[in-house]
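Just remember that the working numbering sits 692 ahead of the position in the sequence shown, which is counted from 1. Single-structure report; data block below.
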Amino acid sequence: MQKTSIKIVKKLREAGYEAYWAGGSVRDILMGREPKDYDIVTSARPHEIEKLLKYTIPVGKKFGVILAVVGEHHFEIATFRSDAAYTDGRRPDAVYFKTAKEDALRRDFTINGMFYDLLKKEVLDYVGGQEDLKKKILRFIGNPDERIKEDNLRILRAIRFKNALEFYYAPKTFQAIRKNAKLIINVSAERIKEELDKILKLKGRETAVRELEAAGILKMILPELLELKGVRQPEKYHKEGDVYEHTLESIANLPEKVSGELAWAILLHDIGKADTFKVKDRIRFDGHAEVGAEIADKIMRRLKFSNTERQHIIWLIHHHMILGNIPKAKPNRQAFWFHQPLFPELLELLKADALGSKPKDLSLYNKLKALEEKKHKILPKPKRLLTGNQVMRIFKIPEGPEVGRLLDEIHEAQLDHKIETKEEAIEFAKKLLKK
Ligand code: ATP
Ligand code: MG
């Protein structure tokens, strides 16, 4: 991919234009990391880029961005530009084609604002990016306040980059983030979700969430999480503190590389504890997994998660308290759980949950891991007595959640040996439907 991008740069240079690597790739190379992609900036105008290269897609022609397609790789080629006023806090009203220096000045952070000249083999640095990279400082280019007001998404980008790189904020950078936290409401749910996904996948996710809180952003985008503050837990199992502390300890204890689904599930696994807190013999949170799944559902609808993602995360939250029953359960019931497609994630959630508690107790996790490895292979996946299509046809119910519920009930009864044949399953379902 690097070689291809060099070829593109050379082609533009041979045609008499300026052309450089830009932004993230320069930052990553200077840090000794492998860039995810190689963005290119050039003095060539969009129509000139299109003339010069074989396969191009005008993804953002208005903003001067052309996508070059070479084999399986894509390269963003952007004409040097400066941005006109931002009236919507998200996109410039117009762009003007300008010089390399002006293009550097419109970028967000100094470390993201450098270019690399492949022919001279030197960095073009109009913004002091190299200095900040050396000192590990995340700093807005220009006036931080104005830069955030231009594009409100930069609030979350700042927190993401600082924690992805394990840098420090320049003092004015974090002050400006805190001062302008409210502007986050102008950013679309999809974009907020996208940034939060990236943040939760970082190794430094705990610090990042604490910064979101300290800056006053968390209360704007995930107020439900702050409801967990001050919710006490039984001292015996949770010396780490309240439910909020337990949640942050748990996300910190996820493996370094995690799926977004697992990260969200652990972030929200105890979200139902504020509403279910009760003191009987001791502090109890009866039904918190079910209540939590409902609250998580609301949050994820608000943040426009995809249906699949939402359903997976809900499943994980809903079932995170059943694991304790598995070691004592009958073998076929154990098999039912081990064969659940998300069971491996559920085990990982349990592990992070246990490691996020004080004292840390991995005994259940270890027991289940050993059981799963042994039993998963020998116990066959229990065959269902009725399929979804059969249920819909026999009982004349339309596609929807009711079908799933009915199938689950039938399956449960089968596992408990209450029913064993298709005919018995139909009788059983009939009775259920009458109720
Ligand atoms: P990543 O490795 O996460 O892709 P990146 O630096 O490549 O990091 P992108 O979001 O891909 O980040 O953006 C590419 C470059 O475009 C950035 O390095 C930055 O110079 C510029 N940029 C992107 N988004 C903004 C923004 N909202 N405001 C100003 N400049 C931006
Ligand atoms: Mg990038």
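Where a beta carbon is used, it is the ideal one built from N, C-alpha and C, also for glycine.
- In this structure, Asn835 has its CB at a distance of at least 6 Å from all heavy atoms of the ligand ATP.
- Contact annotation: Ile1009 and Gly984 have beta-carbon atoms nearer than 7 Å.
- DSSP assignment within the region 1036 to 1084 yields the following whole alpha helix (DSSP H) runs of 4 residues or more, N-terminal first: 1055 to 1070.
- Residue pairing by DSSP places Ser774 opposite Tyr788 in a beta bridge.
- Nearest to Pro1023 by C-alpha distance, out of Asp729, Lys1066 and Ala776, is Lys1066.
- For Pro1033, there is no enclosing beta strand (DSSP E), as DSSP marks it with neither H nor E.
- In the displayed model, Asp780 falls within coil according to three-state DSSP, outside both helix and strand.
- In this structure, Leu845 is the residue among Gly896, Leu894, Leu845 and Val923 with its C-alpha nearest to the C-alpha of Ala881.
- Judged by DSSP in its simplified three-state form, Val923 adopts coil rather than helix or strand.
- Per DSSP, the beta bridge partners of Glu768 are Leu759.
- Within its own chain, the residues whose Cβ lies closer than 8 Å to the Cβ of Val1095, once the five positions on either side in sequence are excluded, are Gly1080, Val1083, Met1084 and Ile1089, listed in chain order.
- By the Cβ rule, the region 764 to 773 does not count as touching the region 805 to 812, because fewer than three pairs are nearer than 8 Å.
- Residue range Thr748 to Gly752 is occupied by the beta strand (DSSP E) that includes Thr748.
- Between Ile847 and Ile869, the CB-CB gap stays under 7 Å.
- Of the candidates Phe1028, Gln1003 and His1011, Gln1003 places its Cα closest to the Cα of Pro1093.
- Annotated as proximal: Val819 and Thr802, with beta-carbon spacing under 7 Å.
- Judged by their CB atoms, Ile909 and Ala873 are nearer to each other than the 7 Å cut-off.
- Listed in chain order, the alpha helix (DSSP H) elements of length 4 or more contained wholly in the region 693 to 736 are 694 to 706 and 716 to 722.
- Look at the beta carbons and you see the region 1051 to 1064 not touching the region 950 to 958: under three pairs across the two are nearer than 8 Å.
- Taken atom to atom, the span from the alpha-carbon of Ala1121 to that of Ile1102 is near 7 Å.
- For the set Asn835, Arg737 and Val761, the Cα lying nearest the Cα of Phe789 is the one of Arg737.
- Taking Leu1042 as the centre and dropping the five residues before and after it, the same chain places the C-beta of Leu1015 and Tyr1057 closer than 6 Å to its C-beta, in chain order.
- Shown here for Ile741: same chain residues with a beta carbon closer than 8 Å to its own, the five before and five after excluded, namely Leu704, Thr734, Thr748, Ile758, Ala760, Ile769 and Thr771 in chain order.
- Within its own chain, the residues whose Cβ lies closer than 7 Å to the Cβ of Ala988, once the five positions on either side in sequence are excluded, are Leu960, Ile963, Ile1005, Ile1006 and Ile1009, listed in chain order.
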